[in-house]
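With the first letter of the sequence shown counted as 1, position 76 gets the number 76 in full-length UniProt numbering; the numbers rise by one all the way through. By construction, the Cβ of each residue, glycine as well, lies at the ideal position given by its N, Cα and C atoms. Computed from a predicted structure; not experimentally measured.
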Amino acid sequence: MAKPRSSRLPPRKSSSSIMFLAMLVIFTFLILILLGLGIFYIPSGDSRNSPKPNDLSSIVHNVVDRSYVDEARGEQWVEAISWEPRAFVYHNFLSMEECEYLIDLAKPHMKKSKVVDSKTGKSEDSRVRTSSGTFLPRGRDKIIKSIEKRIADFTFIPVEHGEGLQVLHYEVGQKYEPHYDYFKDEVNTRNGGQRIATVLMYLSDVEEGGETVFPSAKGNISAVPWWNELSECGKGGLSVRPKMGDALLFWSMKPDATLDLSSLHGGCPVIRGNKWSSTKWMRVNEYKV
Ligand SMILES: *[C@@H]1O[C@H](CO)[C@@H](O)[C@H](O)[C@H]1NC(C)=O
1 MAKPRSSRLP PRKSSSSIMF LAMLVIFTFL ILILLGLGIF YIPSGDSRNS
51 PKPNDLSSIV HNVVDRSYVD EARGEQWVEA ISWEPRAFVY HNFLSMEECE
101 YLIDLAKPHM KKSKVVDSKT GKSEDSRVRT SSGTFLPRGR DKIIKSIEKR
151 IADFTFIPVE HGEGLQVLHY EVGQKYEPHY DYFKDEVNTR NGGQRIATVL
201 MYLSDVEEGG ETVFPSAKGN ISAVPWWNEL SECGKGGLSV RPKMGDALLF
251 WSMKPDATLD LSSLHGGCPV IRGNKWSSTK WMRVNEYKV
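See the structure below:
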């Protein structure tokens with residue numbers, strides 16, 4: 001009775017092992033297909049640090065970082081003040097220590113401001129600009145490097161596209177008549193191309209006057225909350241009141257790379273107090289120093 005059974009068993013055994021092998025092959029193919037489709041993945045060593053495609057958590061993380069309150073600078077936020085010209089105020093961009101550092105560095109080297117002659121490219125004395133100023137070379141030291149990196153982050157323009165930092169001092173009665181920051185000549189655009197944007201940092205508070213005014217700005221200029229604090233000159237356009245540590249970014253070119261005529265701007269005469277500011281001009285291309 002056992003004999004027929006034992007003779008039947010071997011084929012049965014081999015058929016189950018074939019079944020097992022076939023299952024193994026199908027399973028292997030299934031895993032390969034899932035891997036190929038990306039439904040299934042083998043975690044790599046640093047998968048926690050490198051974001052996966054379509055994973056926005058790294059961007060969200062940066063946004064959270066930006067709201068971080070820096071003790072030395074106070075709360076920071078950006079306000080869009082105008083779209084014609086495109087202008088933004090970054091509140092508490094610099095700390096009080098950074099403002100004082102820039103003033104102290106520049107103070108011994110202040111000279112009467114000049115304007116660039118559009119025909120020759122040379123600097124000339126001018127009555128339209130009565131302040132005094134000096135240039136601090138790009139990347140001069142650690143503090144300046146960190147400010148220049150912050151400007152690059154704010155503007156999305158690389159540090160290498162920036163001119164040196166200019167520090168300006170306006171005393172009572174001193175001003176800068178409305179002008180454009182872009183050039184209308186060939187000479188000044190040879191190095192770096194056109195000026196695309198300006199970041200103007202206020203290094204001091206001004207008791208009265210000294211506003212940055214955009215006389216050609218479109219929109220309701222009297223709708224700004226600080227309208228009643230503006231000088232007569234300041235009421236001549238869209239104005240920003242100087243506040244220590246604040247930075248004003250405005251664009252001299254439109255997104256289509258044409259010159260923005262609404263970027264006309266000036267520095268109103270200081271009526272009471274002292275105005276210290278620092279300007280960073282950004283070029284379309286790398287500016288060689
Ligand atoms: C401009 O804004 C001011 C203040 O909000 C308002 O009183 C005035 O009516 C506005 N003017 C126009 C033309 O919209």
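I'd like to check one pair, residue j with residue i: are the Cβ atoms closer than 7 Å?
i      : j      : result
His169 : Met110 : yes
Arg272 : Glu229 : no
Arg283 : His179 : no
Lys280 : Leu165 : yes
Trp276 : Ile103 : yes
Leu261 : Leu200 : no
Thr134 : Val167 : yes
Lys107 : Ser132 : no
Phe250 : Ala87  : yes
Answer with buried or exposed for residue i, where buried requires no fewer than 16 other C-beta atoms within 10 angstroms of its C-beta.
i      : result
Pro85  : buried
Gly74  : exposed
Glu211 : buried
Thr258 : exposed
Asp214 : For clarity, residue 214 is Phe in the given sequence; the question names Asp instead. The residue is buried, with at least 16 neighbouring Cβ atoms inside 10 Å.
Thr198 : buried
Lys175 : buried
Asp246 : buried
Phe20  : exposed
Val270 : buried
Going by beta carbon distance, what residues of the same chain come within less than 7 Å of residue i, once the five residues before and after it are set aside?
i      : result
Phe29  : none
Thr189 : Phe183
Gly236 : Val213 and Pro215
Any heavy atom of ligand 3 closer than 6 Å to the CB of residue i?
i      : result
Ser252 : For ligand 3, the structure offers nothing, since it holds only ligand 1.
Using a Cβ-Cβ cut-off of 6 Å (strictly less than) and excluding sequence neighbours within five positions of residue i, which residues of its own chain qualify?
i      : result
Val128 : Glu177
Gln194 : Tyr182 and Val284
Val64  : With a pLDDT of only 44 at Val64, under the threshold of 50, the placement of this residue in the model should not be trusted, and no figure is reported.
Can you grab the Cα-Cα spacing for the pair residue i / residue j, in whole Å?
i           : j      : result
Lys218      : Ala152 : 27 Å
Arg241      : Val89  : 10 Å
Leu238      : Gly36  : 58 Å
Lys114      : Ile157 : 26 Å
Arg66       : Gln76  : Caution is warranted here: a pLDDT of 48 is assigned to Arg66, below 50, making its placement in the model unreliable, and no coordinate value can be reported.
Tyr287      : Ala72  : 31 Å
Asn92       : Ile33  : 54 Å
Ile143      : Asp205 : 21 Å
Tyr202      : Ile39  : 54 Å
Ser252      : Leu264 : 8 Å
residue 305 : Val25  : Here the chain has residues from 1 to 289 only, and residue 305 is not among them.
Thr155      : Val172 : 32 Å
Glu163      : Arg138 : 7 Å
Ser231      : Pro255 : 32 Å
Asp185      : Arg140 : 29 Å
Arg150      : Asn220 : 31 Å
Here's a check: name, in chain order, each residue in its chain whose Cβ is nearer than 8 Å to the Cβ of residue i, leaving out the five neighbours to either side.
i      : result
Gly234 : Gly209, Glu211, Val213, Arg241 and Cys268
Tyr101 : Ile143
Segments assigned alpha helix (DSSP H), at least 4 residues, entirely inside the stretch 68-116 = 96-106
Return the chain-ordered ranges of every alpha helix (DSSP H) run that is complete within the UniProt domain "Fe2OG dioxygenase" (161-284) and spans a minimum of 4 residues.
-> none
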